[in-house]
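With mature numbering (1 follows the signal peptide of the UniProt record, and there is no 0) applied, the sequence shown corresponds to residues -24 to -1, 1 to 964, in that order. Think of the CB as a built atom: it goes at the ideal place given N, C-alpha and C, for glycine as much as any other residue. Treat the numbers as computed from the prediction; the structure is a model and nothing was measured.
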Amino acid sequence: MDCNPRSLLFVLFLLLSCVSPSYPIIYPPNEVNLLDSKASQGELGWISYPSHGWEEISGVDEHYTPIRTFQVCNVMEYSQNNWLRTNWIPRQSAQKIYVELKFTLRDCNSIPLVLGTCKETFNLLYLETDDDQGSHFREHMFIKIDTIAADESFTQMDLGDRILKLNTEVREVGPMIKKGFYLAFQDVGACVALVSVRVYFKKCPYTVRNLASFPDTVPMDSQSLVEVKGSCVNHSKEEEPPRMYCSTEGEWLVPIGKCLCNPGYEERSNTCQMCRAGFYKSTLGNMECSKCPPHSFSHHEGSLHCGCEKNYFRADGDPASMACTRPPSAPRNVISSINETSVILEWSWPEDTGGRRDITFTVLCKRCRSVGGSGSGSNGGALRCEPCRSNVRFLPRAVGLHNTTVTVGDLLAHTNYTFEIEAQNGVSSLAPKMRQYAAVTITTNQAAPSPVTVIRKEKTSRNSVSLSWLEPERPNGIILDYEIKYYEKEEQETSYTILRARGCNVTLNGLKPDTAYLLQIRARTAAGYGASSPSFQFETSPDSAFSISGENSQVVLIAISSAVAIILLTVLLYVLIGRFCCHSKSKHPDEKRLHFGNGHLRLPGIRTYVDPHTYEDPSQAVHEFAKELDASCIAIDKVVGAGEFGEVCSGRLKLPSKKEICVAIKTLKGGYTDKQRRDFLAEASIMGQFDHPNIIRLEGVVTRSKPVMIVTEYMENGSLDSFLRKHDAQFTGIQLVGMLRGIASGMKYLSDMGYVHRDLAARNILVNSNLVCKVSDFGLSRVLEDDPEAAYTTRGGKIPIRWTAPEAIAYRKFTSASDAWSYGIVLWEVMSYGERPYWEMSNQDVIKAVDEGYRLPPPMDCPATLYQLMLDCWQKERNNRPKFEQIVSILDKLIRNPGTLKITANTTSRPANLLLDRSSSEVPSMGTMGDWMDGMRTLPCKEAFSGVSYSSCDTLAKTSTDRVVLTEVHVTPASCPEWEPSMGITTL
C-alpha cells in the first residue's frame, strides 16, 4: 500500500546510509569551499518560503554522524512555488563560483493519485549583494542559474528494495563582482530532497616548482592564462626568472625558468639544504653535495670545498672534486751511457707519484772541477760545481720531460758533469721542502772535432783556387791542423791530393784549366781527426783572352740568371692566359653542373628543393639544411599558443657578435616518439632550403638538447585571416593588392624550386609589423619530380577541402596548378577580410557545388579585375589556370595602375550565404564583332568603349592601354578567327 509522497522522503533519509559508505571527505587541493552543508552538524538556518514548503530534517550516516538535509514534496497541491534560500556567502577573492548539488528526486509516474502538476525538476538561482540582507527576501531579485533535472529518479519499489538514486550536478556562476551572494532553490511541484549543497571556487594552490615557490592564485574569469612570478626558495638564486601560468581550472601550466641552490646547499624536498659534514658543493646548481675526495675533509655543514690533510695539496687548476695530492718521490735507477762528449740518461718512474698523473721530469746539468788538489776530485781535491754552459744541448729538452730518457750533447771532452733528475707534478711548487731528486756524475771521453760545415771560394784562376772555411762548431779541444783532400770530379777519387793547413784558408795551385774538382776538409786535435766535411765542388777558369775574378763572375751570373728568369716568366704567363681563355670559351654547359648531397643534380644559380623524406637518416637532412643553435642563446618570453607537437612561444635569440632579435619558437613536448621527432623536424628541413622575403625565415634548430626546438623569425601581426578580421575594412585596395602580391611572389619562388605547398590558406600566411606577408606551415608539402607536369599522389591524410582544387580532392593529385586554385581562395579571403570560404556549408556540399560549376561570389567592393583573377584560378581544367609568374605580373600592373581597382565586380545578384551560379556570370557568346562589343558595353567596364568604334581585331589591338582595362573574357569573336579560343582578351 502506497504512503503519502511527502512522508516517503522521511523514509528516504532513514536510508541515506545505503547510498554510499561515509568516508572522510577529501576535496581536491585546488578547490576552496565557501559552503558545505554536510560539514555542518547543527541547523543550517536557511530561510524557507512559504513555511510549509521546504523542510529541514536531520539524519545520520552509518557512523552516526548527523547530517542536515532539505526536502519538499507537495505534489498533491496545485501551483507550487516553494523557495529555499541559503545564508549569505562571502565570495572571498573568487570571480567564478561552482555549486555542487547532491539530491534525490522521485519519478512522478510512481506517485498515485497526484492531484497537482507533478514536476521532476527544480530551479537554482542566486543573488549578489555587498552585505548580509538578513531575513529580507525578494523573489524577483534572484537571477536564475539553471533548471536542475535528475539523471536518475527513484520509485516506491526502489524504497522497498533500499535502492536509492543519488544525483550530483555542478553549475558555474560568474563572474561575480560584489562581496557575497545567496543561493536559492525554487520548487514548482517536485518531490525532491537536497542531500548536500557545496559551494566552492578553484584556485591554483601554493606549489614549489624548480625551486621556486608560487603562491595561491585565484584565476580570472576569462579564457586567458594568468602569469604568476615565482620566488626562489631560501639559499637559491635565479638562473632564469621563474614563471608559471594559472589556468581557469586551477591548474598550473608551462613552468618557465628555474632557481639553483647556492654553493654549499643541495636540493632536497623542493628546498635547498646545507651539505652535511664530510660533504661539499662548490658551484651554483641543483646537483647533490659530493663526498669529500680522498685526503681531504670538511668538519662543518654547508662546505664549499674540502680542505686537504697535512702534506697534501690541491693545485690552482684542480677541481674541487679531485683528491688532494702530494709531490712525487725521486726517480729511480738512473743509468748513463757516455759517447765521447754526449751522454744518454735513463731512469725509472718514481715509486710514489703523489696520486697524480701529470708527472714531468727536469734535468739539471752541472760542470764540476777539482779545487785544492791535483788531478781529479778522486785524488783528494774537492769538487766545485757550476751550471753548464748555455750551449749544452738536451734532446728533446731539459724541462717538462714526459719520457724517462734524455740525450745531452755538446759537452766538453774529458770533463766531469753531475746531472740531477727531479720528478715533478702539479703540486710540487706548493711544497718546495718535499722535493726530491736523483743525481749521477759522469766524465766525458776525449773526442775528435765535429766536421767543417762552411767552405767558401775566395778567388779562381786558370790553374789555382783560394778557399776559406769556418772552425768546426764543436772542436772538442785545440785544432792542431786541417787536412784538405781534393781530386778531379771525373776521376771519382781514384787519384787525389792531400794538403795540410794550420789556419782556416788555403790556395790550391797546379790545377787544370776549365776543370771541376771536389774537395773535403777535416780537423785534427789531440784526440785525432774528426769526420770529413761534405764534398765541396769548384771549377777553375777556362782558357780565354781574359779572366774574371770571383766577385765579378758572381755578378755576371746573377745578371744572366735574372734576364733568363724574366723571359721564362713572360712566356709562362702568356701560355697560362691563353689556355684559360680557351678553356672558358670551350667549356661545355653540361660540365658546369653540380651534384647536391643526396644524389640530386643541381645547376649553378638554380636552387632545387630536396625532399627530406628521401634521406635514410632524417637527422642528416636537418643538419644539412638547418643551422644548429645553442639553447643558451635562446630566451623564451611567453607561451603564445599550442601546436600539434607542443607549445608555441615567443622569445629572443642572441647569437655571438650579432644583435638580439625576436623569434618564434616551436617546442617538441616531452615523451615524444622517434616518428614524432622526425615529423617535427621535417618542417625545419624544408624551411631551411628557402631564402625569399615572402617565405618565413628559419633561424635554426635545437636538436642536441631538450626541449627540441624550431626557431623562426617572429611575425608580430600573426596569421593573415585573424589579422584581417581584426582590421575589417581598414585597408586601401592598393594595400590589399600589395599583400596579395607578396604571397604570389613567395609562391612563385616555391613553384620555381619544384615545390608544392598543398595547404595554402590565409591561416598559413603570417604578417609582420610592416604588413609583409610570408608563406609558412610546410607540414603538408611534398616535392615534384623532374617533370614539371608531374604530380605528387598522396596515400591518404587530411585535405583542407575549402581550399583544395577538385582534382586534388578527387584523385589526390597536387601540383603548382592546385596551389594556384588555393591562391584564388586566399585572394577571396583577403578581399572579404577573413571571411570563411563557403560560409557554413558542409565539406560534402562544397565538393558537390564546386564539381557542378559553382564558384564563390565576389566579396563586397571587390575590383572586377581581382574577381576575374579568382575565376581564372578556379578553372576546372588545371592547365588553364594562371602560373604564379603570371599572377605576379598581373598584380604588378594593378599596382602601377591603381585606377583599375575602382571598377568593382557586380554584386547585385550575390546571395547572402550561397554560391553564385557560375553559368549566370558567364558572358554569352557573340556571333559578330559588333555583337561582342555591344555585349561588352553592358559590362561594368563599358565606359572604356564609349565613343570608340571597333570594326576588327586590329582596331581593338591599337586601343590605348590607358583607356581599355579588360580582364579575361571566355568568348571568341567570330570575326577574329586568328585568336585561339583559350586566349580570350587580357589587356592592361
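Start-to-end residues for the alpha helix (DSSP H) that takes in residue i
| i | result |
| --- | --- |
| Val598 | Pro594 to Phe601 |
| Trp323 | From DSSP, Trp323 is part of no alpha helix (DSSP H) but of the beta strand (DSSP E) over Ser318 to Ser324. |
| Cys49 | No alpha helix (DSSP H) holds Cys49; the beta strand (DSSP E) holding it covers Pro42 to Cys49. |
| Thr391 | Unbroken run through Thr391: none, as it is neither H nor E. |
| Leu631 | Here Leu631 belongs to no alpha helix (DSSP H), and DSSP marks it neither H nor E. |
| Lys702 | Leu696 to Lys702 |
| Met663 | Asp650 to Met663 |
| Arg717 | Gly709 to Asp728 |
| Gln844 | Ala840 to Cys849 |
| Val864 | Phe860 to Arg872 |
Cβ shell of residue i (< 6 angstroms), same chain only, five flanking positions each side left out
| i | result |
| --- | --- |
| Leu159 | Thr62 and Tyr102 |
| Ala881 | Pro834, Cys838, Ala840 and Tyr843 |
| Arg302 | Asn287, Tyr288 and Gly330 |
Neighbourhood of residue i by C-beta, 8 angstroms cutoff - its chain only, sequence neighbours within 5 removed
| i | result |
| --- | --- |
| Pro448 | Pro425, Ser426, Pro427, Val428, Thr429, Ile455, Ala499 and Gly506 |
| Asp107 | Trp64, Lys155 and Gly156 |
| Ser508 | Pro427, Lys461, Gln496, Ile497 and Arg498 |
| Gly278 | Gly240, Tyr241, Met250 and Cys251 |
| Leu10 | Ile65, Pro66, Arg67, Gln68, Ala70, Ile73, Val175, Tyr176 and Phe177 |
First and last residue of the uninterrupted beta strand (DSSP E) at residue i
| i | result |
| --- | --- |
| Phe157 | Gly156 to Asp163 |
| Glu104 | Thr97 to Thr105 |
| Asn638 | One detail in the question is off: residue 638 reads as Cys in this sequence, not Asn. Per DSSP, Cys638 belongs to the beta strand (DSSP E) from Ile637 to Thr643. |
| Val687 | Met685 to Glu689 |
| Phe512 | Phe512 to Glu515 |
| Glu243 | Tyr241 to Arg244 |
| Asp12 | Glu7 to Asp12 |
| Asp613 | Ile610 to Ala618 |
| Ser16 | Counting along the chain, Ser16 falls outside any beta strand (DSSP E), and DSSP gives it neither H nor E. |
Inter-residue spacing [alpha-carbon to alpha-carbon] between residue i and residue j
| i | j | result |
| --- | --- | --- |
| Asn50 | Thr144 | 23 angstroms |
| Ile474 | Ala374 | 43 angstroms |
| Ala738 | Lys859 | 19 angstroms |
| Gly646 | Pro683 | 7 angstroms |
| Lys179 | Val204 | 13 angstroms |
| Glu19 | Ile33 | 9 angstroms |
| Gln422 | Val319 | 13 angstroms |
| Phe177 | Thr643 | 33 angstroms |
| Asp457 | Gly376 | 42 angstroms |
| Lys435 | Gln468 | 24 angstroms |
| Thr420 | Ser272 | 49 angstroms |
| Pro598 | Ser274 | Rather than Pro, the amino acid found at residue 598 in this sequence is Val. Rounded to the nearest angstrom, the two C-alpha atoms are 49 angstroms apart. |
| Lys724 | Ser752 | 14 angstroms |
| His116 | Thr224 | 31 angstroms |
| Thr97 | Asp163 | 8 angstroms |
| Glu459 | Thr501 | 11 angstroms |
| Thr679 | Ala640 | 16 angstroms |
| Asp831 | Tyr591 | First, the residue type needs correcting, since residue 831 is Arg and not Asp in the sequence shown. Cα-Cα distance, rounded: 41 angstroms. |
| Val924 | Gly875 | The predicted model places Val924 with a pLDDT of 36, which falls under 50 and marks its position as unreliable; any figure quoted below should be read in that light. Approximately 20 angstroms, taken between the alpha carbons. |
| Val806 | Val748 | 14 angstroms |
| Val484 | Glu466 | For the sequence presented, residue 484 should be read as Leu rather than Val. Roughly 18 angstroms separates the two Cα atoms. |
| Phe255 | Glu76 | 54 angstroms |
Residues of its chain near residue i, where Cβ-Cβ distance is below 7 angstroms and the 5 sequence neighbours each way are ignored
| i | result |
| --- | --- |
| Cys361 | Lys342, Arg343, Cys344 and Thr394 |
| Val826 | Pro782 |
| Ser525 | In this prediction, Ser525 scores a pLDDT of 45, lower than 50, which makes its location untrustworthy; the coordinate-derived value is nonetheless stated afterwards. Excluding sequence neighbours, Ser525 sits near Lys435. |
| Arg857 | Ala793, Ala796, Trp797, Asp848, Cys849 and Gln851 |
| Val864 | Arg717, Ala720, Ser721 and Lys724 |
Please confirm if the region 204 to 216 is in contact with the region 248 to 264, defined as three or more CB-CB distances below 8 angstroms between the two stretches. Yes: the two stretches touch, three or more of their Cβ pairs being nearer than 8 angstroms.
Where are the alpha helix (DSSP H) runs, 4 residues long or more, that stay fully inside the region 452 to 487, in chain order? none
Practice problem: Any chance you could list the alpha helix (DSSP H) runs of at least 4 consecutive residues sitting entirely within the region 784 to 822, in chain order? | Solution: 792 to 807
| query | Any chance the region 614 to 628 sits against the region 664 to 673, with 3 or more Cβ pairs inside 8 angstroms? | reply | no
* Would the region 402 to 412 and the region 288 to 306 be scored as touching if the rule is three or more Cβ pairs under 8 angstroms? -> Taking a contact to require three or more Cβ pairs closer than 8 angstroms, the region 402 to 412 and the region 288 to 306 qualify as touching.
State whether the region 737 to 751 contacts the region 686 to 698, with contact taken as three or more CB pairs (one from each stretch) at a distance under 8 angstroms.
A contact exists between the region 737 to 751 and the region 686 to 698.
At least 3 beta-carbon pairs within less than 8 angstroms: the region 469 to 489 vs the region 363 to 374: no
Problem set entry | Any beta strand (DSSP E) of 3 or more consecutive residues that is wholly inside the region 50 to 78 | 58 to 61
### Query
Taking one C-beta from the region 185 to 194 and one from the region 216 to 234 each time, how about it: are there three or more such pairs within less than 8 angstroms?
The region 185 to 194 vs the region 216 to 234: in contact.
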